[in-house]
Structure formats: C-alpha cells, structure tokens
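No gaps in the numbering here: position 65 of the sequence shown is 65 in this note's numbering, and each next residue is one more.
Where is the CB? At the ideal position from N, CA and C, for every residue including glycine.
Okay, so here's the structure we're looking at.
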Amino acid sequence: MAPHTIKSFSAGESMGEIKILLGFEVGTGKEVHMSLHHTVITGMTQLSGKTTTLEAIISRANRRAIAFKTKRGESGFNSYREIPPFFEERADWQYVSTLLEAVMRESLKFERPWIMKATQGTKTLREVYENVQMLRAEATKSLPENVYTALEQYLKIVVPQIEKFRFSKTLNLIDGINVMDLTEMTLELQALVIQSTMEYVLNNLHETILIVPEAWEHIPQGRNTPVKLFAETFIRKGAAIGNYLFIDSQDIAGIDKMPLRQCNNWILGRQREGHEVERVREQIGRNKIDAEEIRSLPLGHFLAILGDDVKKVYVLPAGVPSKIGRRVAMGEMTVSDAGKYMNNASAEEETPPEPQTGIRRFLPAPTSDRAMRRIEELDMKLARRDNEIALLRTELDGLRTELITSTAKLEQLIRQQETAEQRAAKSQVPAVRPGFTVDDLNQLIDQRMHQIIQYDKPTVFTQVDVSGRFKEVVKERYIRELGIRIRGLPLQTIHAAMVVHERKAVKRGDLYSFLHGGNGRITDDFYTELQKLEDVRLVVYSKETGVVHWALGEYLKRELGSMYDEATIKQAEEYLASLLLPPS
Numbered sequence: 001m002a003p004h005t006i007k008s009f010s011a012g013e014s015m016g017e018i019k020i021l022l023g024f025e026v027g028t029g030k031e032v033h034m035s036l037h038h039t040v041i042t043g044m045t046q047l048s049g050k051t052t053t054l055e056a057i058i059s060r061a062n063r064r065a066i067a068f069k070t071k072r073g074e075s076g077f078n079s080y081r082e083i084p085p086f087f088e089e090r091a092d093w094q095y096v097s098t099l100l101e102a103v104m105r106e107s108l109k110f111e112r113p114w115i116m117k118a119t120q121g122t123k124t125l126r127e128v129y130e131n132v133q134m135l136r137a138e139a140t141k142s143l144p145e146n147v148y149t150a151l152e153q154y155l156k157i158v159v160p161q162i163e164k165f166r167f168s169k170t171l172n173l174i175d176g177i178n179v180m181d182l183t184e185m186t187l188e189l190q191a192l193v194i195q196s197t198m199e200y201v202l203n204n205l206h207e208t209i210l211i212v213p214e215a216w217e218h219i220p221q222g223r224n225t226p227v228k229l230f231a232e233t234f235i236r237k238g239a240a241i242g243n244y245l246f247i248d249s250q251d252i253a254g255i256d257k258m259p260l261r262q263c264n265n266w267i268l269g270r271q272r273e274g275h276e277v278e279r280v281r282e283q284i285g286r287n288k289i290d291a292e293e294i295r296s297l298p299l300g301h302f303l304a305i306l307g308d309d310v311k312k313v314y315v316l317p318a319g320v321p322s323k324i325g326r327r328v329a330m331g332e333m334t335v336s337d338a339g340k341y342m343n344n345a346s347a348e349e350e351t352p353p354e355p356q357t358g359i360r361r362f363l364p365a366p367t368s369d370r371a372m373r374r375i376e377e378l379d380m381k382l383a384r385r386d387n388e389i390a391l392l393r394t395e396l397d398g399l400r401t402e403l404i405t406s407t408a409k410l411e412q413l414i415r416q417q418e419t420a421e422q423r424a425a426k427s428q429v430p431a432v433r434p435g436f437t438v439d440d441l442n443q444l445i446d447q448r449m450h451q452i453i454q455y456d457k458p459t460v461f462t463q464v465d466v467s468g469r470f471k472e473v474v475k476e477r478y479i480r481e482l483g484i485r486i487r488g489l490p491l492q493t494i495h496a497a498m499v500v501h502e503r504k505a506v507k508r509g510d511l512y513s514f515l516h517g518g519n520g521r522i523t524d525d526f527y528t529e530l531q532k533l534e535d536v537r538l539v540v541y542s543k544e545t546g547v548v549h550w551a552l553g554e555y556l557k558r559e560l561g562s563m564y565d566e567a568t569i570k571q572a573e574e575y576l577a578s579l580l581l582p583p584s
C-alpha cells in the first residue's frame, strides 16, 4: 500500500473504503484525507494548481489513471507515459442515436426508426454516412430530411477524421497516469475517443480513474455530447468496481449538474469572476466563507468539500516531503519554496534519478523555460512516433505469423498431393529384381518394342470441344471482373444506375432532380457519379444531348457478340444488373 494510503473503518463508511492523503489543513497543519470516489476539481487555469492536484491524488491512490490532452500548449501531464488514442468504431443504431442526440441537442423520440434504417447492414460510420446521404435524397417529408441532414453534417466532420488517425484497439495501462494526446483532433472526434475509452474501462477494467478534461466542453450544461450521455452510466456503475470519474474544469457553471450531484469530493480552487465566486460560496455555504477568500486562494490551496466536511487545504504535490507541505499549510514556507522540492524527495525519501529518455539524452541540460518547453514538445512528438511504430510492428508480426501458417499449410498440401499420373506411373514400373543389370534392361526393352510393332493398333482419340470450353472460361472471367467493379460502386451511384436501368434513357437534369430533389444547380459530384457509371460500362452520357442511356447490353454485344448468341449476352446483362440490388 502506498505510504499515504490508509484504510478507514469509521462509522458510515464501508470497510473497503480507500482513504488517501490530500494535503494539510491551512492554519493547523493537520493531515486531510479524502475517500477515493467520483471527484470534481475546478479553478482558474495556471493559477490554482489543478493538474498538480490530480497528479498528487493519483500518485498516492496507487491506481492507474487515464488523462487526455485536448489543447495545444497544455503544460500538464507532460512527463507521464503516453499511450495511443483508443477508439472502437461502432455503427449500431443505439450508438448512432447518441451521436444524433449530441448534434440535435435533444433526446430522440420518434426519430429512431429512421436511424435504424440508416444503420441497417452497416459496420462502419463511413457506411452509415453513405446510407444517410442516399436516404436524405429520397426523403419526401421535411422532418426525416432534417434528421438525415443533421446526421450527415456531423458524420461529414468525424468520418474523415476517424479515417485519418490510427487508433489502438486495446488499452495497455500501467499504474499511475497514462496520457492520450488528442490535440490534433477536432472537438467532435475527441468526444468520440473519450466516450469510447470510458465504455471500454467500464466494461473491461476495474480500479481505474478516468479524468475528463475541459468538462465544460465534454459534459456541458444545456446540450448533449457523446461523453455526457455515457458519463451518467459510468458514474452510476463504475464505483461498484472501483472505476471513478474525475471531472476537471475551470468553473462549475458550464458543467451539467447530473454528474456533479454524484461526486462526493469537490476540490475548488481560485476564482475571480463574480458569479463563479458566488457559486462556490453557494456550494460551501454562504456563511462559512467570504468572497475575497475565494478570489485570493494561493496556488495549490483549495476549498475541499469531502463528504460532509469542508476544509481549506494545501494539496501536497507528488514528491514533496510531508513536513514541507505541513510548513506551507501553517504559513512557515511559501508555495514557491515548496516547489523546489517537486519530484525531489528529502534525504530520507530520496530515490536515484531516472535515466534520461527520448531526445533529452542527446541535449545539454536546458537553461530556460523556453528550452524546456521545446524539449517537452519534441519528447511528445517522439513518443507519438514510437506509439505509431509499435502499432505497425504489431500488425507486421500478425501478418508474418499468418504468412508462416499459410506457407506451412501449403507445403503440407504439396507433400500430400500425389497426382493420378504419378500413381499410374508407379503401377506400371515393376520392382527392380536383385542382380538386375543394364544388359537385362536392354533385353527387356527390345522384347517390349517387338510386342508394340506386332500388336500395334490404331490409336483412338476422344474428341474435346476446346473452343466451347475456351468460350466458357472467357465469359466467366469477363463477367466476374466486371461484376467486381459494379459491386464496388458507392450506394448513391448504384441508386443512379438503377434509375437509368428502369428508364433506359433519361435527361441529365431529370436524373439529378430525381436523386437529389428540387431543381438546384447540378453539382460536380453528380458528374463524378456519371463518370463512374461510364467506367463500369453501365451507361453512356452524351454531353451534346444531355441524355444518359443504359448501355450495358450494347457494350456486351460489342465485346462478346462474336463469340456468344443473343440469349447468352442477355443472360449476362441481367446477371450484372442484378448486382445493383441490395443484398437480401
């Protein structure tokens, strides 16, 4: 058990409750302990010491934790182990419904059947996106069209981002803080990654702390996000298996109140804005503290609401000796003086320095804050590259194992393979007798030649229709290759092909209106779809007349007419056209 972790069995607490040292009460220097539970920590950025507090709690809780970096230039969590972003893509209607609720900022009611239709038969959000595009074009009423339009615009943002990044499918955590760097992602994708990580932790891990950063963005008051919609489930079910949510925010105002109500620990730092100061007073009790005390809280000092107790506490940073922290709380030492002990224990607690890693091994000791920040940025970039290389190596090892297995199976089949010709040849060769010589062999050959000459009869050949077999092979291969290309068409393009097939010939403008509704200007994407249909020989588009013709039958006649009759070509056309239908 960690030095500052104790088991508390006082009245009203469960026997397994974990108590950890938070810091020391300001004025008295008494130790202040907190129960490990869902926690909210607020305060002005750079002026309250939120990140240092989180680091201290987690280091003494002896638990693994996941933190997320969401803003460029963040100074916190730089010296901890970075792990690759985790995201498990889903396309079921329940998941897509939560995304749409986040977009529309309201709970879904009667819209769910439309979402079920959009997600039917899909495995990725890219497929959902393509379905939504087609369904929006087909919608005849404004309400479903509005739903599909909102979802389409959201997926238009997140799908290319999902395809841009390489995600891990597992979470390999160590004790202490594990950091995911999401700074290159949009806010929408950050929310999906955080929500996916929360869901994995809840379903697969225990005794894990998850820190939600910038809670005013990801668990906001007045609108839904994927993180907010899952946070309630995490909070209600997580504590039973030791999984806790730590909510990090600059203030209370912007956070949804549901998760706040479930937090047993409130650690409130310095605030300046008048309304936020009043919210802190309201939370603590107006008669217990005045506004000026909240405005003037020094760095590292917090008002801690721990269960039913309220304490003004100096949080002991990780690595700072207890006696130093107590002196700061009692006013005998300044916070800046205590900061010199950060990550430097006293003589009796001193540990050997860790060897430098990353780019620091090759650089002299930094002489300025700017140089240190630059080194940290380079360290983070190298860590990200290392993670990408590790993922690629894992994939390469998997492919190498698969290749070795397949090669072994193939070699086994080759060894077992014995053709009919080989068996027949063996049956025709007599066993060699002992003492059999070359002269004996020549005599045997002469005898056999005489037999052949004496009894030779005309050879009978079996007639094989080579030309017919060649034609079958050519046709099957030709149809198969063309079918593969047709199956690879996007859903919207397939829909256009079906319309042209039914009408045989349709004007360009009429086709666009049918597919997209209205009489708007024809887009470049529409001409791209026509080009794709021409490439697979389904249609011919005349720029002079503006008419799109169904052309598959004529194309097959031109290419195969010299080898096959009309019935065969018609059969091939019907088969290829049937590939446009959705799988049953």
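Rounded separation between residue i and residue j - CA only
| i | j | result |
| --- | --- | --- |
| Ala-67 | Ser-48 | 18 Å |
| Ile-145 | Pro-226 | The sequence given here places Glu at residue 145; Ile does not occur at that position. Their Cα atoms are separated by approximately 23 Å. |
| Arg-361 | Leu-268 | Confidence is the limiting factor: at Arg-361 the pLDDT is only 48, short of 50, which leaves the residue's position unreliable and the question unanswerable from this model. |
| Ser-346 | Arg-166 | With a pLDDT of only 35 at Ser-346, under 50, the local geometry of the prediction cannot be trusted, and the value read off the model is given with reservation. Spanning the two alpha carbons is a distance of roughly 43 Å. |
| Val-464 | Glu-472 | Its pLDDT being 45, under 50, Val-464 is placed unreliably by the model, and nothing is read from it. |
| Thr-334 | Phe-302 | 15 Å |
| Leu-100 | Gln-153 | 10 Å |
| Lys-570 | Thr-233 | 58 Å |
| Ile-485 | Val-536 | What sits at residue 485 in the sequence shown is Arg, not Ile. Their backbone Cα atoms lie some 7 Å apart in a straight line. |
| Pro-85 | Leu-382 | 15 Å |
| Pro-490 | Ser-97 | 24 Å |
| Thr-45 | Leu-297 | 13 Å |
| Gln-195 | Tyr-95 | 11 Å |
| Asp-337 | Phe-24 | 16 Å |
| Arg-90 | Phe-526 | 29 Å |
| Ile-83 | Val-548 | 53 Å |
| Tyr-555 | Glu-127 | 31 Å |
| Ser-591 | His-501 | The question about residue 591 has no answer here: the residues shown for the chain are numbered 1 through 584. |
| Ser-513 | Val-499 | 12 Å |
| Ile-241 | His-33 | 21 Å |
| Leu-151 | Glu-214 | 25 Å |
| Leu-396 | Gly-319 | 41 Å |
| Lys-532 | Glu-163 | 23 Å |
| Leu-580 | Thr-523 | 23 Å |
When the options are compared against residue i, the one with the closest alpha-carbon
| i | options | result |
| --- | --- | --- |
| Thr-119 | Asp-92, Ile-284, Ala-137 and Arg-81 | Asp-92 |
| Glu-55 | Glu-89, Met-44 and Ile-177 | Ile-177 |
| Gly-43 | Trp-216, Gly-23 and Gln-412 | Trp-216 |
| Lys-323 | Glu-31, Val-179, His-275 and Lys-19 | Glu-31 |
| Asp-251 | Ala-329, Val-158 and Arg-281 | Arg-281 |
| Ala-572 | Arg-126, Asp-248 and Leu-538 | Leu-538 |
| Val-159 | Thr-186, Asp-181 and Gly-520 | Thr-186 |
| Glu-588 | Thr-28, Ala-65, Ala-304 and Arg-508 | Given that the chain is displayed from residue 1 to residue 584, the structure contains no residue 588 and the question cannot be resolved. |
| Thr-51 | His-38, Asn-78 and Ala-61 | Asn-78 |
| Arg-270 | Asp-256, Ala-291 and Gly-254 | Ala-291 |
| Ala-191 | Ser-168, Leu-202 and Asn-224 | Asn-224 |
| Arg-236 | Ser-562, Pro-259 and Gly-222 | Pro-259 |
| His-37 | Ala-329, Arg-477 and Ile-20 | Ile-20 |
| Ser-168 | Leu-392, Val-310, Lys-557 and Leu-511 | Leu-392 |
Cβ-Cβ separation, residue j to residue i (assumed contact under 8 Å), whole Å
| i | j | result |
| --- | --- | --- |
| Ile-209 | Tyr-244 | 5 Å |
| Arg-81 | Ile-174 | 6 Å |
| Leu-576 | Gly-483 | 6 Å |
| His-495 | Met-134 | 6 Å |
| Leu-205 | Asn-265 | So it is not a contact: roughly 21 Å between Cβ atoms. |
| Ile-211 | Ala-304 | The Cβ separation is near 18 Å, so there is no contact. |
| Glu-276 | Ala-253 | 6 Å |
| Leu-171 | Tyr-200 | 6 Å |
| Ile-247 | Val-40 | 4 Å |
| Leu-560 | Lys-475 | 7 Å |
Residues sharing a beta bridge with residue i, DSSP
| i | result |
| --- | --- |
| Leu-522 | The question names Leu, but residue 522 in the sequence shown is Ile. Answer is none; Ile-522 lacks a bridge partner. |
| Ser-542 | Val-547 |
| Lys-312 | Leu-303 |
| Asp-181 | Lys-69 |
| Leu-171 | Leu-171 is not bridged to any residue. |
| Glu-25 | Val-313 |
| Ala-505 | His-549 |
| Asn-265 | Thr-39 and Leu-306 |
| Met-34 | Ile-20 |
| Thr-208 | Arg-64 |
| Gly-176 | Arg-64 |
inquiry  = Which complete beta strand (DSSP E) runs does the region 60 to 96 hold, if anything under 3 residues is left out?
reply    = 64 to 69 and 81 to 83
inquiry  = Which complete beta strand (DSSP E) runs does the region 217 to 256 hold, if anything under 3 residues is left out?
reply    = 244 to 249
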